[in-house]
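Residue numbers (our numbering): 1 to 204.
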């Protein structure tokens, strides 16, 4: 439930396809507004919608503004984050597509992805039986795994979203902190891959 992450969705999908044989993508949940209990009324709602407008103008990603964030809606990102963690544990290969489906459901379709039944329906559409998903989603261990994701994000020093890091056996290299286009990121990845290849040759 990060609007710039929704804007970034085509970029990460394109990178995943382009580098599918060279790089494995792992999603770490940052918990942008996890545990929030404040309804998105008044100025708070207007602030969020202003960000949505900026993302749409920059990236071209669709947003549904009519009826968005109705009075009383609580913008708690923990359930959506836990849903992604759950999918990663159950069917890791489906994680990125599931994340994209969650983002589309919330931003482009106006669906309430703080609700477990909505999350389960989207999981089912992505190839995981809703009952199987819900059984795992509600387990305390998956709540704990989600908190671990949040802590890992903080340990990496992440303060904004999306953040992408390239990780090898020795270190993590920041690719971007915030939105960037695929045209911007591709040469950075190519440079990183070249350095990895050169390092392996030197170590051989």
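Yeah, the Cβ is synthetic: ideal placement off N, Cα and C, and Gly gets one too. These figures come from a predicted structure and were not determined experimentally.
Cβ of residue i versus every heavy atom of the ligand SAM: is any distance shorter than 7 Å?
i	result
residue 93	Inclusion of the ligand SAM in the displayed structure is not the case, the ligand content being empty and no account of it being possible.
So is residue i buried or exposed if we call it buried at 16+ other beta carbons inside 10 Å?
i	result
residue 149	buried
residue 82	buried
residue 9	buried
residue 65	exposed
residue 108	exposed
residue 7	buried
residue 201	exposed
residue 3	buried
residue 152	exposed
Out of the options, which one is the CA nearest neighbour of residue i?
i	options	result
residue 19	199, 198, 193	193
residue 1	24, 53, 76	76
residue 31	162, 51, 120, 13	162
residue 155	99, 86, 172	172
residue 114	74, 101, 167	74
residue 112	167, 177, 72, 181	72
residue 15	186, 196, 198	186
residue 104	118, 93, 92	118
Where do the ends of the beta strand (DSSP E) carrying residue i lie?
i	result
residue 177	172-177
For the alpha helix (DSSP H) that contains residue i, what are its first and last residues?
i	result
residue 80	78-90
residue 25	It is not in any alpha helix (DSSP H) - residue 25 carries neither H nor E in the DSSP assignment.
residue 18	3-18
residue 63	Note, residue 63: premise wrong, no alpha helix (DSSP H); not H, not E.
residue 102	95-103
For chain D, check one thing: does any of its Cβ atoms lie closer than 8 Å to the Cβ of residue i?
i	result
residue 93	Absent from the structure is chain D; it holds one protein chain and no more.
Any idea which residues DSSP pairs residue i with across the strands?
i	result
residue 74	39
Notebook entry, point to check: Which parts of the stretch 106-175 are runs of the beta strand (DSSP E), unbroken and 3 residues or longer, counting only runs that do not cross its ends?
Noted result: The beta strand (DSSP E) runs lying completely inside the stretch 106-175 and spanning 3 residues or more are 163-167, given in chain order.
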